[in-house]
Amino acid sequence: MIKADVALADLSFEPEWHDDRLTIGSSRVVPYAHPMVETLWVRAPGRWFIVVRERLADSPRCTDGHVPVIDAQDEAAYHSIHQECLLWPLDYVLIEAAQAGRRLRIRAGMLGSAPVYCRVVDEQVKLSWDSADFADRPAMIDMEVASHQLALRSTYAARQLYTGVVLLTERASLHVEPGRARYRYPEPMEEGGPATDDGADMLPRFSEALQRAVSLRPWLEGSVSLELSGGMDSATVAVALASLHNDIDSKGILLDGEVRAPQMRRRQLMAERLGLADHAIDITAFPPSLELSAPGEPYGFCREFYLEACSALWASARDKGRHTLFTGVGGDELFPAYLDEISVAAAKGPMWARDARSYAEDLLTPRALAAARSQPLFDAPASPVPVTSLLANACRAPDLLKHGQWPVHPLSDPRLAYLCHRLPRSSREGREVMRRYLESHLGGDVFPKGYLKETFADVLPPLMARHADRLTAQLKECALADLGLVDRSAVAALLATIATSQSHPATSAFASFLWLERCARQAGTP
32 MIKADVALAD LSFEPEWHDD RLTIGSSRVV PYAHPMVETL WVRAPGRWFI
82 VVRERLADSP RCTDGHVPVI DAQDEAAYHS IHQECLLWPL DYVLIEAAQA
132 GRRLRIRAGM LGSAPVYCRV VDEQVKLSWD SADFADRPAM IDMEVASHQL
182 ALRSTYAARQ LYTGVVLLTE RASLHVEPGR ARYRYPEPME EGGPATDDGA
232 DMLPRFSEAL QRAVSLRPWL EGSVSLELSG GMDSATVAVA LASLHNDIDS
282 KGILLDGEVR APQMRRRQLM AERLGLADHA IDITAFPPSL ELSAPGEPYG
332 FCREFYLEAC SALWASARDK GRHTLFTGVG GDELFPAYLD EISVAAAKGP
382 MWARDARSYA EDLLTPRALA AARSQPLFDA PASPVPVTSL LANACRAPDL
432 LKHGQWPVHP LSDPRLAYLC HRLPRSSREG REVMRRYLES HLGGDVFPKG
482 YLKETFADVL PPLMARHADR LTAQLKECAL ADLGLVDRSA VAALLATIAT
532 SQSHPATSAF ASFLWLERCA RQAGTP
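For the sequence shown, my numbering begins at 32 and goes up steadily by one.
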């Protein structure tokens, strides 16, 4: 939501607003400009703060193309506005500065929609919503973080792949002053359990919470697109939006194989029954890139595997004047199964995921494997937003913002998640309350029980198998092997396995390796 380069020495100067940015001496703070985002700058003698936040429906300060500047008359007024910003119900990033002591504090909101990365070097603070911006100088790879990622053990944490770069996790803060920088995690959220099933109908409560989640932001006619995969999560968001508004552009990626025909049928039925203007592209027209050579622009720390196809969709939305993208991100975590409700085998996760981790661990050197199997001591505390949603935001937000798309994830709404996590088992199991919601609005023929779900599992395996020779040639030089993280012969063996078997678990492990290899090459090796 914001980019900044601030020298602490410049905080002695008075800030000024020029064009699209706040300047303090030679330093600058640049808010992300978007119709769904607003910027507020508040000044007081010797101190100031700037906040970039999602617009709230009926917000009194929603103005187009103008940054409100407020001169607080006294300490009480300053504190009141500051507290209002900290309690903002949607996402935000807030930077506050004090001239005395040249102190800076950066805070993050609760949703993590477009998280900010930070680096402090020689009393120079760099902030950006795009982690690729930190490839502006040689970097050291954090060996422990890289080991966990290679082993498919992703964590949501301040600590990132490049040493010295931190992610401002939701509700976290970074305090910087001359000679010192401190990162502060938020207090963990209390974990609750399911309610007793008293026979009450949970569908009205679910519907009400969902409608609230999709209505929090202002609605700008002709500006909204909907990511419609053909699954239940995005369909739920589609139903909620269509019940309130017209002129919704739905977009999605058509997959190959046996899932294609039922996916197309579900999309057609939803478009007809909800009045959506639907547009889909074929995954075969935009296959994922397997190129390891230097890209046209730097890589960030994480990225959507199917960015080529997604970029085509986002570009088509932008070309139509659509700048706000609603998605189904968060649906996977809405209906958890608690430990006393599942078997030991199910608690360990699906078999393909366990196989993928096994393939991934086989790549690692003994040192990296020991690091990957250690319990991470750096992950962020439990948050109101599901961790998978926060990780998805970190992965996708930079590319969405580059395409002028502001992401909205109603199923990640903390109040909706709180409700759904505490539903009785009968409403959570099999996403029963969501299934009933869809059935009541779409009919029972769109998502019958046991329907064939869409999946990207068959995209990368045949692609990697076809290009195994080219990948082998590119991997004659391997930065991760030079760093002592992976074994060259194990990499070659895994690629051979994919070439002969087109195994989905093997491909998942190799895809994660490829992305880390790109980042390691970009950072440089010893």
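Built from N, CA and C at the ideal position, the CB exists for glycine as well. Computed from a prediction, not measured in an experiment: that's the story for all the values here.
The ligand GTP heavy atom lying under 7 angstroms from the CB of residue i
i: L408; result: Of ligands this structure carries none, so the ligand GTP is not represented either.
Whole-number beta carbon distance between residue j and residue i, since they are thought to touch under 8 angstroms
i: L558; j: V147; result: Only positions 32 to 557 of the chain appear in this structure, which leaves residue 558 out of reach.
i: E372; j: R456; result: 6 angstroms
i: A103; j: A75; result: 4 angstroms
i: L511; j: E548; result: 5 angstroms
i: A35; j: V68; result: That belief does not hold up - the Cβ atoms of A35 and V68 are roughly 15 angstroms apart, past 8 angstroms.
i: V196; j: R150; result: 5 angstroms
i: L454; j: P225; result: 6 angstroms
i: A496; j: A524; result: Wrong, their Cβ atoms sit about 15 angstroms apart, outside the cutoff.
i: L506; j: P319; result: Between P319 and L506 the Cβ distance is about 17 angstroms, and since that is not below 8 angstroms, they are no contact.
i: P219; j: R202; result: So it is not a contact: roughly 10 angstroms between Cβ atoms.
Range covered by the beta strand (DSSP E) that runs through residue i
i: I112; result: Where I112 is concerned, there is no enclosing beta strand (DSSP E), although the alpha helix (DSSP H) it sits in stretches over 106-117.
i: D36; result: 33-38
i: T70; result: 68-75
i: V61; result: 58-62
i: H49; result: 47-49
i: W160; result: No beta strand (DSSP E) holds W160; DSSP gives it neither H nor E.
i: F357; result: 355-357
Contact set for residue i: own chain, Cβ-Cβ below 7 angstroms, skip 5 residues either direction
i: S534; result: P492, T528
i: K351; result: D280
i: R462; result: M263, F366
i: A387; result: L183, P536, S539, A540
i: E239; result: none
i: A391; result: L181, A182, L183, A540, S543
i: A488; result: H535
i: V360; result: S420, A423, H440, L442, S443
Rounded C-alpha distance that separates residue i from residue j
i: A540; j: E339; result: 20 angstroms
i: Q242; j: L502; result: 47 angstroms
i: F409; j: W119; result: 27 angstroms
i: M382; j: D161; result: 34 angstroms
i: C140; j: V124; result: First, the residue type needs correcting, since residue 140 is Gly and not Cys in the sequence shown. Rounded to the nearest angstrom, the two C-alpha atoms are 6 angstroms apart.
i: E127; j: I137; result: 6 angstroms
i: Y187; j: S58; result: 30 angstroms
i: C93; j: H65; result: Its pLDDT being 48, under 50, C93 is placed unreliably in this model, and the value from its coordinates should be taken loosely. Cα to Cα, the separation comes out at about 12 angstroms.
i: A428; j: S389; result: 30 angstroms
i: Q180; j: M174; result: 10 angstroms
i: L53; j: A170; result: 28 angstroms
i: V416; j: L247; result: 16 angstroms
i: T358; j: S43; result: 43 angstroms
i: G132; j: L205; result: 16 angstroms
i: F237; j: W48; result: 44 angstroms
i: D287; j: E154; result: 52 angstroms
i: L516; j: Q406; result: 18 angstroms
i: D278; j: E328; result: 35 angstroms
i: G56; j: V156; result: 14 angstroms
i: A308; j: G253; result: 11 angstroms
Beta-carbon spacing of residue i, residue j below 8 angstroms
i: A403; j: L395; result: yes
i: V245; j: L272; result: yes
i: L442; j: P209; result: no
i: A554; j: H434; result: no
i: V290; j: T486; result: yes
i: H498; j: L321; result: yes
i: V464; j: L234; result: yes
i: T200; j: A411; result: yes
i: G283; j: A311; result: yes
i: P438; j: L323; result: no
i: R334; j: C426; result: yes
i: L198; j: I172; result: no
i: C116; j: F332; result: no
i: L259; j: M301; result: yes
Contact set for residue i: own chain, Cβ-Cβ below 8 angstroms, skip 5 residues either direction
i: F478; result: M263, A266, R297, R466, L469, E470
i: Y63; result: M32, I33, K34, V83, A145, W160, L432
i: Q130; result: L42, S43, G77, R78
Boundaries of the alpha helix (DSSP H) in which residue i is found, first to last residue
i: L9; result: Since the first residue of the chain shown is 32 and the last is 557, residue 9 is not available in this structure.
i: V290; result: It is not in any alpha helix (DSSP H) - V290 carries neither H nor E in the DSSP assignment.
i: L199; result: First-last for L199: 196-199, but that is the beta strand (DSSP E), not the alpha helix (DSSP H).
i: P169; result: No alpha helix (DSSP H) holds P169; DSSP gives it neither H nor E.
i: V464; result: 463-473
i: P438; result: That residue, P438, is in no alpha helix (DSSP H); its beta strand (DSSP E) goes 437-439.
Cutoff 6 angstroms; reference residue i; Cβ partners in own chain excluding five residues on either side
i: A348; result: S256
i: L545; result: none
i: R304; result: L473
i: G362; result: D264, L442
i: G223; result: R453
i: T70; result: P62, V83, V98
Cβ of residue i within 8 angstroms of any chain C Cβ
i: E69; result: You won't find chain C in this structure, because it holds only one protein chain.
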